[in-house]
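First to last, the protein sequences are chains A and B.
Our numbering numbers the first residue of the first sequence as 29 and each following residue consecutively.
Our numbering numbers the first residue of the second sequence as 29 and each following residue consecutively.
Beta carbons: idealized from backbone N, C-alpha and C, even for Gly.
Structure first, then comments.
There are 2 protein chains.
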Amino acid sequence: MSINDIKGGITSPRGFQAAGVHCGIKKAKKDFALVYTAAPAVGAATFTTNVVQAAPVLVDKELCARGGRFKALAVNSGNANACTGERGMHDAWEMVRLTAEALNIRQDEVLVSSTGVIGQYLCMEKIAAGITLSAQSLGTDGTSAAEAIRTTDTFTKEAAVQFAHNGVTITLGGMAKGSGMIAPNMATMLAFVTTDANIGSDALQEATQRSVVRSFNRISVDGDMSTNDMVIVLANGLAGNPGIAKPAGELYALFTTALEQLLVTLSKMIVMDGEGATKFVEIRMLGAASEKEADQAARAVANSNLVKTAIHGEDANWGRILAAMGYSGITFDPALVTIHFGDVPVLGQHYAFDFSEERAKQVLSQREIVLTIDLHRGSASATFWTCDLSKDYVAINANYRT
Amino acid sequence: MSINDIKGGITSPRGFQAAGVHCGIKKAKKDFALVYTAAPAVGAATFTTNVVQAAPVLVDKELCARGGRFKALAVNSGNANACTGERGMHDAWEMVRLTAEALNIRQDEVLVSSTGVIGQYLCMEKIAAGITLSAQSLGTDGTSAAEAIRTTDTFTKEAAVQFAHNGVTITLGGMAKGSGMIAPNMATMLAFVTTDANIGSDALQEATQRSVVRSFNRISVDGDMSTNDMVIVLANGLAGNPGIAKPAGELYALFTTALEQLLVTLSKMIVMDGEGATKFVEIRMLGAASEKEADQAARAVANSNLVKTAIHGEDANWGRILAAMGYSGITFDPALVTIHFGDVPVLGQHYAFDFSEERAKQVLSQREIVLTIDLHRGSASATFWTCDLSKDYVAINANYRT
Chain A
29 MSINDIKGGI TSPRGFQAAG VHCGIKKAKK DFALVYTAAP AVGAATFTTN
79 VVQAAPVLVD KELCARGGRF KALAVNSGNA NACTGERGMH DAWEMVRLTA
129 EALNIRQDEV LVSSTGVIGQ YLCMEKIAAG ITLSAQSLGT DGTSAAEAIR
179 TTDTFTKEAA VQFAHNGVTI TLGGMAKGSG MIAPNMATML AFVTTDANIG
229 SDALQEATQR SVVRSFNRIS VDGDMSTNDM VIVLANGLAG NPGIAKPAGE
279 LYALFTTALE QLLVTLSKMI VMDGEGATKF VEIRMLGAAS EKEADQAARA
329 VANSNLVKTA IHGEDANWGR ILAAMGYSGI TFDPALVTIH FGDVPVLGQH
379 YAFDFSEERA KQVLSQREIV LTIDLHRGSA SATFWTCDLS KDYVAINANY
429 RT
Chain B
29 MSINDIKGGI TSPRGFQAAG VHCGIKKAKK DFALVYTAAP AVGAATFTTN
79 VVQAAPVLVD KELCARGGRF KALAVNSGNA NACTGERGMH DAWEMVRLTA
129 EALNIRQDEV LVSSTGVIGQ YLCMEKIAAG ITLSAQSLGT DGTSAAEAIR
179 TTDTFTKEAA VQFAHNGVTI TLGGMAKGSG MIAPNMATML AFVTTDANIG
229 SDALQEATQR SVVRSFNRIS VDGDMSTNDM VIVLANGLAG NPGIAKPAGE
279 LYALFTTALE QLLVTLSKMI VMDGEGATKF VEIRMLGAAS EKEADQAARA
329 VANSNLVKTA IHGEDANWGR ILAAMGYSGI TFDPALVTIH FGDVPVLGQH
379 YAFDFSEERA KQVLSQREIV LTIDLHRGSA SATFWTCDLS KDYVAINANY
429 RT
């Protein structure tokens, strides 16, 4: 049974509508997105592990904890509603109330999300306008919603996958935004996934957590973890498959694989659109004693400013990779490590580093680069995605608010 | 009793000579330094905690573990002799042997150090020439040695302090090099300190460790920890003070304070010369439950690329500071935190952020900036030093080897 990438996004699964509009938080670009399903959906979510959590994160946590069903998701960009205290909490709840009112649904059926500048109050008149306008504009065009959740993103991120099981077709669609403050450990960005799968709450939550660990938690742009990040998955059951009640069995496994495939696709899009990024880097850490160890070593390499600038400069500086692994906290024998840039070996065991600078440079001149590192300790592995660090990253972030 | 900063460096304490020469590892600049004391010195050292350790680090660890006395320290720049395997170890021991021979001293009286590119073998002909030439050039000019240990440093880093106790004057001098791969946790750079204090090995080691924790371990340029870093302190006893046998008592305390003052001065120089840095930032983390907690929170702020780019852009983006503290791993109530930029309050308790952008901008436009953050949890504090992240950092590191 194959899982197929299809063209589409959050409106690809049956029964989901969406809209993306401009309500004035940003000067001219779309800044408000609404996702709606008339058939109530089971929800699953993972949130930022930052101690500082934005108001919509706190609100959604409370709503998800109630274990209810959801019909709508309202998202604004341009303002994170983070570090805004009681007033921010009031505004987030008001965003819930206004959305419920506009769609004529219950307040506990609405989830909300915000992304943008920290430490500014939401302008509720604009939010109200965004809700009204987007509720009137609901349709099958998921792209406009994906556009509306962008901040410094240079392209819109949406994807969809589909698979069939016993004659039933199940579709999953998603949209995401990056592209700064991207660090591992929980979904350090926003991603919203819809599916028509018929799946229970516990199974959906388990599948979401498993998939996030191997997708959004394995990407890094700058090592900074945001206050607002969340992944929300809504499943409205309209595919009509026999219900996946528990996190077990063939269909559950298939669904989880499809979800992971979708989240990895969205994760890679976020990295490709990393602020100022000119290169997409896949780090394959092999030969580890455990997946955790592989993850930890790959993470240190992915987050190293020196590695990222060397890749930006197309400099085959493998020493910086080994140095980053050396402070990652794992135990290993550096003399056993081998490193490939693409298919070019740049470091053999016992520090054999007599490689062709020319061939390595050729690999590094590409837009997409695979680094394969083998610890030669065991058989576990992990794949991590990151980008280079460019002058443009600095330019973008030096003047973000102004 | 006051501890006075004086003009000087490693040759300021009695009995120390030095030289800095060009031996051809670099194209034109000085690349070999030698420090010598005829009176044998007690040595103390701290080394990188990176799993990947350069050959000279391994050699010095072995020499220091023997607990002997030292007369010479030989340092080359331009090549780190790191990740060079058995041949690198052989070369480092050969550097010891040649230095001992040139100075007519025992091999276990020599320490060695290297800094520069990782993953290239030392050219031993050039090293031998550097040893011969520097041994012939020994004198009271410490600055030439400080020049010779530079890599991408834009200025020479040396400092000295002096204090008197019961009529005896004790002097400490030091030199250091940065200026990339600077991260906390052990001395992520090279620093060499000489003193004429009469002090025992255990007391000197204890004083060194205590001082390093509050100086070199509290600075950050890019969060990358090197394979070669070390701090070495040599004490030849020529001041003639009553010997400090144990890490206790008034004179020990005074000596440790003087050492910390010297190391903080050198640490700040390294940060000021951070690759591409245009601003020097002091982070004062107050009101913590413990010094460890204060250190941890300050460290996360100091290492945040988003904080560093905001400061580069003179943008009073306090939200990024709070977000960095939020993922630092400490527990705190964000609503209680207050933040000052210079003397301008930018965040009051309960997210009071109605500050003057103009006054904050004025503070951030300075070359040296103090950020004061109060957790309002307890009475412990820690000070950390860092720099901004500029486009030049990227430019320098993208093309380091070429």
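| Asked | Found |
| --- | --- |
| With respect to the beta strand (DSSP E) encompassing Ala61/B, which residues constitute its N-terminal and C-terminal limits? | 60 to 75 |
| Tell me whether Ala211/A sits in a helix, a strand or coil according to DSSP, three-state version. | Any reading at Ala211/A needs caution, since the residue's pLDDT is 42, under 50, leaving its predicted position unreliable; the model's value is listed next. Three-state result, Ala211/A: coil. |
| Could you check what DSSP says for Asn245/A in three-state terms: helix, strand or coil? | helix |
| DSSP three-state call for Ala219/A: helix, strand or coil? | strand |
| Does Tyr379/A have its Cβ less than 9 Å from a Cβ in chain B? | yes |
| Could you name the residues of chain B that Trp346/A contacts, counting a contact when the two beta carbons are closer than 7 Å? | Gly147 |
| CB Val103/A to CB Ala188/A, shorter than 9 Å? | no |
| Taking the alpha-carbon positions, what's the Ala235/A to Ala286/A distance? | 10 Å |
| Got a sec, what are the start and stop residues for the alpha helix (DSSP H) Asp119/B sits in? | 113 to 131 |
| Can you pull the chain A neighbours of Gly354/B, defined as C-beta to C-beta under 7 Å? | Asn78, Val79, Val80, Thr255 |
| Are the CB atoms of Ser248/B and Arg327/B within a distance shorter than 9 Å? | yes |
| Starting from Ile311/B, follow its DSSP beta bridges and name the residues at the other end. | Leu399/B, Phe412/B |
| Thr437/B versus chain A: which residues are under 9 Å apart at the beta carbon? | Not covered by the structure: residue 437/B. The range shown for chain B is 29 to 430. |
| When you compare each of Asn109/A, Glu114/A, Gly147/A, Lys99/A to Asn132/A by their alpha carbons, which one comes out closest? | Lys99/A |
| Taking Ile367/A as part of the beta strand (DSSP E), name the residues at either end of that continuous run. | 366 to 369 |
| Report buried or exposed for Ile210/A, applying the criterion of at least 16 other Cβ atoms within 10 angstroms of its Cβ. | For Ile210/A, the predicted structure reports a pLDDT of 45, less than 50, and the residue's modelled location is therefore unreliable. A value from the coordinates is still provided. So Ile210/A counts as buried. |
| Note down, in chain order, all residues in the stretch 99 to 125 of chain B with a beta-carbon under 9 Å from any beta-carbon belonging to chain A. | Ala108, Ala110, Cys111, Thr112, Gly113, Glu114, Arg115, Gly116 |
| Where does Met313/A land, buried or exposed, given buried means 16+ other C-beta within 10 angstroms? | buried |
| Near Cys111/A, what residues of its chain come up, given a Cβ to Cβ distance below 8 Å and the 5 sequence neighbours on each side ignored? | Val80, Ala82, Ile146, Gly147, Thr255 |
| What residues in its chain sit with their C-beta under 6 Å from that of His368/B, if we drop five residues either side in the sequence? | Thr400 |
| Check whether the Cβ of Ala187/B sits closer than 8 Å to any heavy atom of the ligand ZN, and report yes or no. | The ligand ZN is absent from the structure shown, which contains no ligand whatsoever. |
| Classify Ser30/B as helix, strand or coil using the three-state DSSP reduction. | coil |
| From Ile38/A to Ala351/B, what does the alpha carbon distance come to, in whole angstroms? | 30 Å |
| Which residues share a DSSP beta bridge with Met203/B? | Glu186/B, Phe220/B |
| So is Gln377/A buried or exposed if we call it buried at 16+ other beta carbons inside 10 Å? | exposed |
| Mind the definition here: the stretch 196 to 204 of chain B touches the stretch 284 to 300 of chain B only if three or more C-beta pairs lie below 8 Å; say whether that holds. | yes |
| Which residues bound the alpha helix (DSSP H) around Asn333/B? | 333 to 340 |
| Short check: CB of Gly48/A to CB of Thr160/A, under 9 Å? | no |
| Does the Cβ of Ala281/B have 16 or more other Cβ atoms within 10 Å, making it buried, or fewer, making it exposed? | exposed |
| To which residues does DSSP link Gln45/B through a beta bridge? | Tyr64/B |
| Ordered along the chain, which non-local residues of its own chain (more than five positions away) have a Cβ less than 6 Å from that of Ala432/B? | Only positions 29 to 430 of chain B appear in the structure, and residue 432/B is not among them; the question remains open. |
| Can you tell me whether DSSP reads Ile198/B as helix, strand or coil? | strand |
| Tell me which residue opens and which closes the beta strand (DSSP E) that Gly144/A is part of. | 138 to 145 |
| May I have the straight-line CA-CA distance separating Ala388/B from Gln164/A, to the nearest angstrom? | 43 Å |
| Report buried or exposed for Leu101/B, applying the criterion of at least 16 other Cβ atoms within 10 angstroms of its Cβ. | buried |
| Mind checking the stretch 267 to 282 of chain A against chain B and listing, in chain order, the residues whose C-beta falls within less than 9 Å of any C-beta there? | none |
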